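K.L.:
This structure is in structure tokens; I'll ask about it shortly.
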Amino acid sequence: MRTVAHISDLHFGRIDRAVVEGLVADLMRVAPDVVVISGDLVQRAKESHFLQARAFLERLPFPVMVVPGNHDIPVYNVFLRFTNPLGLYRRHIARDLSPVRVDSDIAILGLNTARSAILDFSEGRLNQTQIARIQDVFGALPPAVFKILFTHHPFLPPPDAPGTRLVGRHRLALPALEACGVDLLLAGHLHRAYSGDIMTHHTQVARSILVAQASTATSTRLRNEANAYNKIVIGTDGGAHTVTLEVRSWEGAFFTPGLVSRYRRDGGRWTLVHQDTGFRPADARTA
Ligand SMILES: [Fe+2]
Ligand SMILES: [Fe+2]
Numbered sequence: 442m443r444t445v446a447h448i449s450d451l452h453f454g455r456i457d458r459a460v461v462e463g464l465v466a467d468l469m470r471v472a473p474d475v476v477v478i479s480g481d482l483v484q485r486a487k488e489s490h491f492l493q494a495r496a497f498l499e500r501l502p503f504p505v506m507v508v509p510g511n512h513d514i515p516v517y518n519v520f521l522r523f524t525n526p527l528g529l530y531r532r533h534i535a536r537d538l539s540p541v542r543v544d545s546d547i548a549i550l551g552l553n554t555a556r557s558a559i560l561d562f563s564e565g566r567l568n569q570t571q572i573a574r575i576q577d578v579f580g581a582l583p584p585a586v587f588k589i590l591f592t593h594h595p596f597l598p599p600p601d602a603p604g605t606r607l608v609g610r611h612r613l614a615l616p617a618l619e620a621c622g623v624d625l626l627l628a629g630h631l632h633r634a635y636s637g638d639i640m641t642h643h644t645q646v647a648r649s650i651l652v653a654q655a656s657t658a659t660s661t662r663l664r665n666e667a668n669a670y671n672k673i674v675i676g677t678d679g680g681a682h683t684v685t686l687e688v689r690s691w692e693g694a695f696f697t698p699g700l701v702s703r704y705r706r707d708g709g710r711w712t713l714v715h716q717d718t719g720f721r722p723a724d725a726r727t728a
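Just so you know, we're using our numbering here: the sequence shown kicks off at 442 and counts up by one.
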């Protein structure tokens with residue numbers, strides 16, 4: 442069994458301090474095996490914002506894997522944006538833009554989808570080298586190893602907004618994900634928490650791949666949702682992989698379990714076997 446804390450879109454420079462403290466406290470309680478951060482660590486890619494993000498990371502006594510998001514690239518400093526867009530990110534957050542971690546149970550790969558040289562650089566994309574890396578890292582691993590790919594930009598739109606722009610060149614990457622037996626995709630960028638199966642949207646894909654999107658963990662840039670992150674527990678049941686995805690939401694004083702979805706890979710396909718909205722009638726809560 443492995444526990445992954447998936448946090449995203451921290452946006453240091455525009456954070457709620459109480460939420461940051463609550464997040465650190467909650468992560469200490471959850472004690473994940475690894476913290477995966479899917480980009481947008483800062484709001485404006487200024488050195489002061491990166492220093493705040495670095496101070497946050499220093500407080501986490503867990504392995505941390507991180508990729509940049511579009512906000513980690515300077516917007517207004519045009520010189521930096523084009524000459525060294527991820528210089529400050531690499532100096533203060535992580536030198537490695539494609540972190541990988543493999544053990545006997547899980548393999549996790551991160552890819553940088555933030556781009557400075559595209560017209561709308563809030564959008565992201567993958568390239569051929571990165572798609573080859575998916576194959577290099579995951580291709581030789583047996584099916585028993587649970588495979589997670591994380592990026593900033595999403596592969597699956599929200600259920601109520603199917604026209605949402607996805608990570609560029611996802612159509613080229615999907616066959617590689619399928620061929621390598623990727624099990625779970627993690628991303629952020631939209632500041633919305635939802636999960637689902639890639640096959641529900643990308644009908645050309647023949648492999649069931651679970652997707653978990655995270656809300657913004659700490660920023661005040663909320664999109665009608667509370668600050669939240671994903672606690673993901675990966676296990677097995679009768680030889681089949683299981684994923685328990687818990688959206689832990691900020692309730693004003695601390696993070697609490699919101700929607701809990703339990704998935705099981707049955708006959709190659711992810712099935713939602715149990716879901717708990719977290720809602721309890723008032724009399725049950727006071728009992
Ligand atoms: Fe963001
Ligand atoms: Fe973003």
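Where is the CB? At the ideal position from N, CA and C, for every residue including glycine.
Note that the structure is predicted; figures quoted are calculated from it, not measured.
Please look up how many angstroms separate the CB atoms of ALA446 and TYR704, rounded, as I've assumed it's under 8 Å.
P.N.:
Rounded, the Cβ-Cβ distance is 18 Å, inconsistent with contact.
K.L.:
Considering only the beta carbon of each residue, do VAL541 and VAL578 sit closer than 9 Å?
P.N.:
Yes, the Cβ-Cβ distance between VAL541 and VAL578 is below 9 Å.
K.L.:
Does the segment 703 to 717 come into contact with the segment 641 to 655, if we say contact requires no fewer than three beta-carbon pairs (one atom in each stretch) closer than 8 Å?
P.N.:
The segment 703 to 717, when compared against the segment 641 to 655, does touch it at the 8 Å Cβ threshold.
K.L.:
Taking all protein chains shown into account, decide if TYR517 is buried (16 or more other Cβ within 10 angstroms of its Cβ) or exposed.
P.N.:
Looking at its Cβ environment, which holds fewer than 16 other Cβ atoms inside 10 Å, TYR517 is exposed.
K.L.:
Could you tell me if the beta carbon of GLY565 falls within a distance shorter than 8 Å of some heavy atom in ligand 1?
P.N.:
The answer is no for GLY565.
K.L.:
Please confirm whether any heavy atom of ligand 2 lies closer than 8 Å to the CB of HIS447.
P.N.:
For ligand 2, not one heavy atom lies less than 8 Å from the Cβ of HIS447.
K.L.:
According to the neighbour-count rule (16 or more other Cβ atoms, all chains shown, within 10 Å of its Cβ), is THR644 buried or exposed?
P.N.:
Its Cβ having fewer than 16 others within 10 Å, THR644 is exposed.
K.L.:
Between VAL505, ALA548, GLY580, LEU631, which lies nearest to PRO603 when the distance is taken from Cα to Cα?
P.N.:
Cα-wise, what sits closest to PRO603 is LEU631.
K.L.:
Thinking just about the alpha-carbon of each residue, which of VAL461, PRO698, THR677, ALA681 is nearest to the one in GLU687?
P.N.:
Nearest option by C-alpha distance: PRO698.
K.L.:
Closer than 6 Å by C-beta to PRO504: which residues in its own chain qualify, once you throw out the five before and the five after it? Chain order, please.
P.N.:
For PRO504, where only same-chain residues beyond five positions count, the Cβ hits under 6 Å are VAL475.
K.L.:
Would you kindly work out how many angstroms separate the C-alpha atoms of GLY709 and TYR530, rounded to a whole number?
P.N.:
Taking the straight line from one Cα to the other gives about 39 Å.
K.L.:
Could you check whether the Cβ of ARG605 sits closer than 8 Å to any heavy atom belonging to ligand 1?
P.N.:
For the record, residue 605 in the displayed sequence is Thr; it is not Arg. No - ligand 1 has no heavy atom lying nearer than 8 Å to the Cβ of THR605.
K.L.:
Can you tell me the Cβ-Cβ gap for THR659 and VAL461, rounded? I've got them flagged as a contact below 8 Å.
P.N.:
Contact holds; Cβ gap of about 5 Å.
K.L.:
Rounded to whole angstroms, what's the CA-CA distance from ILE478 to PHE591? Just pull it up for me.
P.N.:
The straight-line gap from Cα to Cα measures roughly 8 Å.
K.L.:
With DSSP collapsed to three states, give me the class of LEU498.
P.N.:
Of the three classes helix, strand and coil, the one that applies to LEU498 here is helix, per DSSP.
K.L.:
Looking only at its chain, what residues have a beta carbon closer than 6 Å to the beta carbon of ARG455, apart from the 5 residues adjacent to it on each side?
P.N.:
Only GLN484, SER660, THR661 meet the Cβ criterion.
K.L.:
CA-CA distance, GLU812 and LYS588?
P.N.:
Nothing can be reported for residue 812, as the shown portion of the chain is limited to 442 through 728.
K.L.:
Between the C-alpha atoms of GLY788 and HIS594, what's the straight-line distance to the nearest angstrom?
P.N.:
An answer regarding residue 788 cannot be provided, because it is not within the stretch 442 to 728 covered by the chain.
K.L.:
Here's a check: name, in chain order, each residue in its chain whose Cβ is nearer than 7 Å to the Cβ of HIS715, leaving out the five neighbours to either side.
P.N.:
Closer than 7 Å at Cβ, skipping near neighbours: ARG703.
K.L.:
Give the straight-line distance between the Cα atoms of LEU613 and ILE572, rounded to the nearest whole angstrom.
P.N.:
Between LEU613 and ILE572, the C-alpha separation is close to 8 Å.
K.L.:
Would ALA535 be called buried (16 or more neighbouring beta carbons within 10 Å of its own) or exposed?
P.N.:
So ALA535 counts as buried.
K.L.:
Would you report the Cα separation of PRO526 and LYS487, rounded to the nearest angstrom?
P.N.:
Cα-Cα distance, rounded: 11 Å.
K.L.:
Sorted by chain position, which residues of the same chain lie with C-beta nearer than 6 Å to ARG610's C-beta, five sequence neighbours on each side aside?
P.N.:
Contacts found: ARG566, LEU567.
K.L.:
Exposed or buried, ARG721, counting other C-beta atoms within 10 Å across all chains shown (16 or more means buried)?
P.N.:
Exposed is the call here.
K.L.:
Cα separation between VAL674 and PHE520?
P.N.:
Approximately 43 Å, taken between the alpha carbons.
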